[in-house]
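Below: the structure, in structure tokens.
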Amino acid sequence: MSNDLLQSSQLPGVTRFQWQQLLGPIVVVVIVAYAASSVSASFAFLTEGTLALLVMVLALQVLIGNSGVLSFGQAAFAMVGGFATGLLTVPVRIKENVLDELWEPLKMINMGIYPSLVIAVAIGAFLAFITGLFLMRLSGLAAGIATFAVLMVADNVLFNWKLIGPGPQVMPQVPKFGFIDESIAIAVLVMIVVYLIGISRRGRLLRATREDALAARALGASIWRLRVLFFTASGGIAALSGAMYAHHAGAVSARDFYLGFTFTTLAMLVIGGASSVWGAVVGTILVTAIGQLLLVFEGGVTLGSIEFTLPNGVRGLVIAAALVVILIWRPRGVTGGKEFRLPFLSRT
Amino acid sequence: MIQTILDALSYGGLYGLAALGIGLVFGVMRLVNFAHGELIAIGAYLLIVTIDLGLPISISIAVTGTAILALLMEFSVFKRLRLAEPSVLLIASFGVSVFLQRLYEVIFGALPLSGQIAPWMTGVIEFGDTTITRGSLVTIGLALVLLGGMWFFIEKTTLGLQIRAASSDFQTARLLGVRSNRVIGAAFVFSGVLAAAVAFVLVTQRGSVDPLFGVNITILALVGTVIGGLGSLQGAALGGFAVGTTISLLNSFLGNYRIYTYTWLFILVIIVLLVRPGGLISNKAVKERV
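Chains as they are written, first to last, in the numbering used here: chain L, 13 to 360; chain P, -16 to 273.
Listed below in structure tokens is the structure:
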């Protein structure tokens, strides 16, 4: 009971590879994404942004779901990923005009979106590795606060240092993805990676350290090494999410990845269920759907002769309330922390 | 120079008050309360909305309202999470914090609400060729009085003794007959009162309030509580004081590089946490047992 949110409800046997656990969430994401983006251009735009958020929620899931260590700092790596891909893909002419204080070599670089995504992930993972080496010695509250401090440092540096970015301004003219299929493909790829990492030998070992640190150590698991590894993976995926967001919005700034972003993605993970990929998917879709519905009401809806208008802010209010309610009544999230399964196929 | 020192002291006192408010609640229930900032914000809103009734009435309304909101938080949310572990409580308080921010936005609007509370505090006093602001003197005074009052309450009264007992070992305190819900309720009320004091100082300085009014100081005070030593009330006040004075001094000495104050501050925080994960004044109840 005391550990509900961060503890898995799955029996050890369920951590074996099962096609339905992987294909289920993928099929749902692909169908929902294509269905939503076929509605209208603005829905397609929303879907693309949501896929970037999904990747961020998966980054959180890899770390929090498997290790039980709470991190408020992964948005820092998303910020780094967004900045990296922005600097690598914004046309040289724009950089010379808008970002005149930028370091010269950075002004000259220019490449396509895909090589740049790879580099962004590498930079994010590298920085996460360095940070993780230090921070993953901590756990519980100290880890929560220390990772939060990482976010504050990243925000403060990237918001002010004009040698490596736009400073307080927005970096404009980041090339956009051409098709929704690109974001869908990347999200699916990340889901596969996250699922495979989770059920790998090290993933199971890390979950063992979460359930019972002493017993896992007796089995020879180094908690610190495992956590650093997963922190690094999480940082790389977070950077990918930030980069996807930059190529989705066509612009990037430090404040895109600050407290609001951290809260939204964390809420998505907790509402869906932190200990499974399926939970991350459900949480992301659910929170986005509720938010969209309320956005429509904020704009005003006419039912018969009565017009309803919700004041601004109600959206965040409802999502925050949902997070608190879930923590109280269903701490494992709406999925109960279980992986996807078809009721009539499951043998357990 | 004198102004620099006074500024540092008044910042320290202010952050110490905020950190003590967070530390009080943490001590009795292992909750790092992100939503403390929204207690500060409601205090400021109440002050600005009711200032026409006169300062004394306005202040009493603000103090009462803030304490009530603190109790409401406890009854509606945290009471139901008694058995949850600290990191779950932290996420929950993050949720409460965002909830209240949006609620303020719905009620008072997203734009800042401005008003003059105690304008005499922005004035200066001249001593020969040095001038000091009245605000920093008042802040230091207020901090001294409140910290002294809290010290008296915690060291000399029965309820204070119970809070101390619950902070150092909650289960044993319960077994010895400390009524846990009453102690926790009291901690929330006092944290609300301290939040109102912080709100008063901040709102006189800034002259306006918006939904995110309390976020900044809460983040810093929270960090102060943690590095000061979670679970120790002196540690919390000292940690907050340390963070406040550090910020003020960094701001004075970094000159043009003061925009990077937070970078240095938070790097220091990470180092303190790495060297002493339990905080500078550590308490055995916070340590993990492996």
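For glycine and all other residues, C-beta sits at the position ideal for the given N, C-alpha and C. Note that the coordinates shown come from a computational prediction; the quantities given were computed from them, not determined experimentally.
Give me the Cα-Cα distance between residue i and residue j, rounded to the nearest whole angstrom.
i, j, result
"L:Asn324", "P:Thr246", "33 Å"
"L:Val202", "P:Lys62", "38 Å"
"P:Ala101", "P:Thr187", "6 Å"
"L:Gln22", "L:Gly77", "Any reading at L:Gln22 needs caution, since the residue's pLDDT is 47, under 50, leaving its predicted position unreliable; the model's value is listed next. Cα-Cα distance, rounded: 12 Å."
"L:Leu118", "L:Ile135", "15 Å"
"L:Thr277", "P:Phe77", "12 Å"
"P:Arg272", "P:Ser43", "Unreliable placement is indicated for P:Arg272, whose pLDDT of 43 sits below 50; no coordinate value is reported for it."
"P:Thr33", "P:Gly48", "12 Å"
"L:Asp193", "L:Pro37", "17 Å"
"L:Gln181", "L:Phe273", "18 Å"
"P:Asp35", "P:Gln99", "10 Å"
"P:Ser80", "L:Val308", "24 Å"
"P:Ser97", "P:Val192", "6 Å"
"P:Met(-16)", "L:Met164", "30 Å"
"P:Arg162", "L:Ala155", "31 Å"
"P:Gly261", "P:Ala148", "19 Å"
"P:Lys270", "L:Asp224", "Confidence at P:Lys270 is low in this model, with a pLDDT of 48, below 50, so its placement is unreliable and no value can be given for it."
Could you round the C-beta distance between residue i and residue j to whole angstroms and report it? I think they count as a contact, below 8 Å.
i, j, result
"P:Ser119", "P:Leu237", "Rounded, the Cβ-Cβ distance is 20 Å, inconsistent with contact."
"L:Val294", "L:Val206", "Not confirmed; about 14 Å, so no contact."
"P:Leu73", "P:Val172", "With a Cβ gap of about 22 Å, P:Leu73 and P:Val172 do not count as contacting."
"P:Gly256", "L:Ala87", "The amino acid occupying residue 256 of chain P in the given sequence is Leu; Gly does not appear at that position. With a Cβ gap of about 19 Å, P:Leu256 and L:Ala87 do not count as contacting."
"L:Leu252", "L:Val133", "5 Å"
"L:Ala1", "L:Met256", "Residue 1 of chain L lies beyond the stretch modelled for chain L, which goes from 13 to 360, so this question has no answer here."
"L:Ala199", "L:Leu66", "5 Å"
"P:Val60", "P:Ala75", "6 Å"
"L:Gly349", "L:Gly291", "6 Å"
"L:Ile249", "L:Val74", "6 Å"
Using DSSP with H/G/I as helix, E/B as strand and the rest coil, what is residue i?
i, result
"L:Leu175", "coil"
"P:Ser97", "strand"
"P:Thr140", "coil"
"P:Ile115", "strand"
"L:Glu319", "strand"
"P:Ser343", "Limits of chain P in this structure are -16 at one end and 273 at the other, which puts residue 343 of chain P out of reach."
"P:Ile109", "For clarity, residue 109 of chain P is Glu in the given sequence; the question names Ile instead. P:Glu109 falls in the strand class under three-state DSSP."
"P:Val252", "helix"
"L:Thr314", "strand"
"L:Met183", "strand"
"P:Val15", "coil"
"L:Val264", "strand"
"L:Gln30", "coil"
"L:Leu339", "helix"
"L:Arg344", "coil"
"L:Tyr270", "coil"
"P:Ala179", "helix"
"L:Ile142", "helix"
"P:Leu120", "helix"
"P:Glu21", "helix"
"P:Ser231", "helix"
For residue i versus residue j, is the C-beta distance shorter than 9 Å?
i, j, result
"L:Gly179", "L:Asn168", "no"
"L:Pro184", "L:Gly262", "yes"
"L:Ile283", "L:Val299", "yes"
"P:Ile23", "P:Ala179", "yes"
"L:Ser83", "L:Ser246", "yes"
"P:Val181", "P:Ala67", "no"
"L:Phe243", "L:Phe160", "no"
"P:Leu203", "P:Tyr(-2)", "yes"
"L:Leu281", "L:Gly345", "yes"
"P:Gly227", "P:Gly218", "no"
"L:Pro343", "P:Val71", "yes"
"L:Thr97", "L:Ile121", "no"
"L:Leu208", "L:Ala279", "no"
"P:Ala169", "P:Leu142", "yes"
"P:Ile40", "P:Thr208", "no"
Cβ of residue i within 8 Å of any heavy atom in the ligand SAM?
i, result
"P:Ala67", "Annotation note on the ligand SAM: not contained in the displayed structure, which lists no ligands."
Say whether chain B places a C-beta atom closer than 9 Å to the C-beta of residue i.
i, result
"P:Ala75", "Any reference to chain B falls outside this structure, whose protein chains are L and P."
- Item | Contact list for the segment 233 to 258 of chain P against chain L, Cβ threshold 7 Å | Ile242, Tyr243, Tyr245, Thr246, Phe249, Ile250, Val252, Ile253, Leu256 and Leu257
- Task: Check distances from the C-beta atoms of the segment 312 to 339 of chain L to those of chain P and list, in chain order, the residues that come in under 7 Å.
- Result: Pro323, Asn324, Gly325, Val326, Gly328, Leu329, Ala332, Ala333, Leu335, Val336 and Leu339
- Message: Counting only Cβ-Cβ distances shorter than 7 Å, please list the residues of the segment 35 to 52 of chain P near chain L, keeping chain order.
- Response: none
- Could you run through the segment 80 to 97 of chain P and flag, in chain order, every residue whose CB is less than 7 Å away from some CB of chain L? Val81, Phe82, Arg85, Leu86, Glu88, Val89 and Ala93
- May I ask you to list, following chain order, the residues of the segment 124 to 156 of chain P that have a beta carbon less than 9 Å from some beta carbon of chain L? none
- Query: Going along the segment 67 to 91 of chain L in order, which residues come within less than 7 Å of chain P, judged by CB to CB distance?
  - Reply: Leu82
- Task: Could you run through the segment 201 to 235 of chain P and flag, in chain order, every residue whose CB is less than 8 Å away from some CB of chain L?
- Result: Ile202, Leu205, Val206, Val209 and Leu213
- Pull out every residue of the segment 277 to 291 of chain L whose Cβ sits closer than 8 Å to any Cβ of chain P, in chain order. Leu278, Ala279 and Val282
- Query: Can you list, in chain order, the residues of the segment 61 to 73 of chain P whose Cβ is nearer than 8 Å to any Cβ on chain L?
  - Reply: Arg63, Leu64, Leu66, Ala67, Glu68, Pro69, Ser70, Val71 and Leu73
- Item | Contact list for the segment 7 to 25 of chain P against chain L, Cβ threshold 7 Å | Val15
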